[in-house]
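Comments concern the structure below.
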Amino acid sequence: MCVQTNIAKKKSRKGLKIFFLILLLLIIIIAAVLGIAYWKTNKTFDKIYNPIEGKKKTSVTLNGSTPFSVLIMGVDERPGDRGRSDTLIATTINGKTNKTQMLSIPRDTKTEIIGHNSNEKINAAYAYGGVKMASDTTTEFLKGIPFNYYVKMNMEGFHDLVDAVGGVTVYNDTEGISLGKKVFHKGNVTLDGDNALAYVRIRKTDAQGDFGRQKRQQQVITAIVKKVLSANVVLSFNKIMNAVGDNVQTDFTLEDVTRIAKNYRGAVNNVENLQVQGTGGKINNSGPWYYSVSDNERTRLHDELAKNLEMNQ
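When we follow this note's numbering, the leftmost residue of the sequence shown carries the number 26, and every step to the right adds one.
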């Protein structure tokens with residue numbers, strides 16, 4: 026029997042949306058503000074630039090008047106294992122209305138995997154065919170919403186970013202929460218990369234469950250942003266760029282990101298979070314757990330995103 030997806034899981038997904046939006050903002054800030062290190066930024070973008078093989082890219086004039094879309098993926102890659110897309114966010118940005126939409130698609134959503142001739146969890150698309158299959162499958166799920174760009178980050182990069190800024194200090198309001206052997210006591214805690222990654226993944230030992238995890242994600246992300254914007258960032262610039270370079274892939278060029286920082290700043294700062302409505306459970310009470318989404322809901326999501334992209338105008 027299917028059950029309604031709980032509010033806590035939705036809150037956790039919202040936290041991940043915030044995480045990846047801030048990741049994109051970090052790249053924009055670094056590219057647009059730190060002109061003294063332009064050569065390093067350019068070198069980093071040369072490293073992370075990776076257009077989708079076999080897919081024709083739709084040209085976008087990033088002049089502030091043209092809306093565009095981005096598929097944001099968070100993956101858990103390891104040597105020899107491509108992994109699956111644990112986070113999948115369809116993002117639309119409109120400079121005229123100054124609005125960004127972020128739609129987090131649950132990783133267990135059952136859908137047709139384009140190019141694999143199967144119906145299964147949407148996060149399998151990346152495992153089977155990388156960014157292209159994930160992008161094509163998400164477009165199909167959203168009934169034709171195209172993606173002009175993508176950003177992919179290895180979740181281990183969170184660890185690297187914290188270390189790059191020299192660690193962060195946050196206030197933990199829950200005594201004794203833990204993940205494995207890492208235990209966090211109530212009060213101010215200073216986190217290096219290893220501890221930060223554990224801190225934001227805690228769920229089972231926290232009475233607040235996913236609500237608590239979301240709050241911790243936002244705490245650490247806010248602390249990272251404050252460090253990046255501080256006067257001391259110049260001293261850590263190379264480390265930050267290395268963290269981005271080692272963990273991010275995208276088909277944004279440095280010129281693209283600079284134009285977004287200049288022409289879409291208002292939109293990036295005004296985010297509307299959209300949710301996929303559906304039901305979760307096992308099919309016929311057996312097999313894997315899926316999140317099932319109706320055809321009407323897929324149409325609703327398409328129409329919401331298409332409006333911000335001005336597809337019907």
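Glycine is no exception: its CB is placed at the ideal position from the N, C-alpha and C atoms.
Using only CA atoms, which one of the options lies nearest to residue i?
{"i": "Met180", "options": "Met158, Val225, Ala159", "result": "Val225"}
{"i": "Leu87", "options": "Tyr289, Gln233, Tyr316, Tyr315", "result": "Tyr289"}
{"i": "Leu204", "options": "Lys168, Asn173, Asp231", "result": "Asp231"}
{"i": "Lys206", "options": "Asn197, Ile227, Glu322", "result": "Ile227"}
{"i": "Leu326", "options": "Asn75, Glu78, Thr91, Ala115", "result": "Ala115"}
{"i": "Gly155", "options": "Ile139, Asn144, Glu145, Leu167", "result": "Ile139"}
{"i": "Glu145", "options": "Glu335, Tyr151, Thr136", "result": "Thr136"}
{"i": "Glu329", "options": "Lys65, Ile118, Lys287", "result": "Ile118"}
{"i": "Tyr63", "options": "Ser84, Asn263, Thr215, Ser317", "result": "Asn263"}
{"i": "Ser317", "options": "Val85, Met98, Thr134, Gly99", "result": "Thr134"}
{"i": "Ser319", "options": "Lys332, Lys287, Ala286, Lys168", "result": "Lys168"}
{"i": "Val293", "options": "Gly120, Val100, Met98, Val85", "result": "Gly120"}
{"i": "Asn333", "options": "Asp198, Gly312, Ile170", "result": "Ile170"}
{"i": "Trp314", "options": "Ala268, Pro131, Asn220, Thr324", "result": "Pro131"}
{"i": "Lys72", "options": "Gln233, Gly312, Ser311, Ala268", "result": "Ala268"}
In chain order, what residues of the same chain lie with their CB nearer than 6 Å to the CB of residue i, ignoring the 5 residues before and after it?
{"i": "Glu102", "result": "Gly108, Asn179"}
{"i": "Asn322", "result": "Sequence check: residue 322 is Glu here, not Asn. Around Glu322: Gln302."}
{"i": "Thr30", "result": "Its pLDDT being 49, under 50, Thr30 is placed unreliably in this model, and the value from its coordinates should be taken loosely. Counting only Cβ-Cβ distances below 6 Å, and skipping sequence neighbours, we find Gly305."}
{"i": "Phe377", "result": "This structure cannot settle anything about residue 377, because the visible part of the chain is limited to 26 through 338."}
{"i": "Met336", "result": "none"}
{"i": "Phe166", "result": "Thr136"}
{"i": "Gly99", "result": "Asp111, Thr112, Met178, Met180"}
Sorted by chain position, which residues of the same chain lie with C-beta nearer than 7 Å to residue i's C-beta, five sequence neighbours on each side aside?
{"i": "Val190", "result": "Ile249, Lys252, Val253, Ser261, Ile265"}
{"i": "Gly201", "result": "Val208, His210"}
{"i": "Leu48", "result": "Met178"}
{"i": "Tyr153", "result": "Ile138, His141"}
{"i": "Lys42", "result": "Ile114, Met127, Ser129, Asn298"}
{"i": "Asp198", "result": "Lys211"}
{"i": "Gly89", "result": "Gly120, Asn288, Tyr289"}
My guess is that residue i and residue j are in contact by the Cβ rule of under 8 Å, so how many angstroms apart are they, rounded?
{"i": "Leu279", "j": "Phe70", "result": "4 Å"}
{"i": "Phe172", "j": "Ser94", "result": "5 Å"}
{"i": "Met127", "j": "Leu299", "result": "7 Å"}
{"i": "Gly218", "j": "Val187", "result": "4 Å"}
{"i": "Thr125", "j": "Val296", "result": "5 Å"}
{"i": "Pro76", "j": "Lys68", "result": "The pair is not a contact, with the Cβ atoms about 18 Å apart (cut-off 8 Å)."}
{"i": "Thr164", "j": "Ala150", "result": "With 8 Å as the limit, Thr164 and Ala150 do not qualify as a contact, their Cβ atoms being about 11 Å apart."}
Less than 8 Å separating the beta-carbons of residue i and residue j?
{"i": "Ile147", "j": "Leu96", "result": "no"}
{"i": "Asp271", "j": "Asp185", "result": "yes"}
{"i": "Asn123", "j": "Gly291", "result": "yes"}
{"i": "Thr283", "j": "Val176", "result": "no"}
{"i": "Leu216", "j": "Val193", "result": "yes"}
Regarding residue i and the ligand GTP, is the C-beta to nearest heavy atom distance less than 7 Å?
{"i": "Ile249", "result": "For the structure depicted, the ligand GTP is absent and the ligand set is empty, with no information on it obtainable."}
If you drop the 5 nearest sequence neighbours on each side, which residues of the same chain put their C-beta closer than 8 Å to that of residue i?
{"i": "Val28", "result": "In this predicted model, Val28 has a pLDDT of only 46, less than 50, meaning its place in the structure is not dependable; the value taken from the coordinates is given anyway. Excluding residues within five positions, the ones whose Cβ falls inside 8 Å are Thr304, Gly305, Gly306."}
{"i": "Gly79", "result": "Lys157"}
{"i": "Val195", "result": "Asn213, Val214, Leu216, Tyr224, Arg241, Gln244, Val245, Ala248"}
{"i": "Ser160", "result": "Ile77, Lys80, Leu96, Phe172, Tyr175"}
Practice task
Determine, using beta-carbon pairs with one atom in the segment 300 to 311 and one in the segment 106 to 115, whether at least three such pairs fall under 8 Å.
Solution key: Put simply, the segment 300 to 311 does not touch the segment 106 to 115. Fewer than three CB pairs are less than 8 Å apart.
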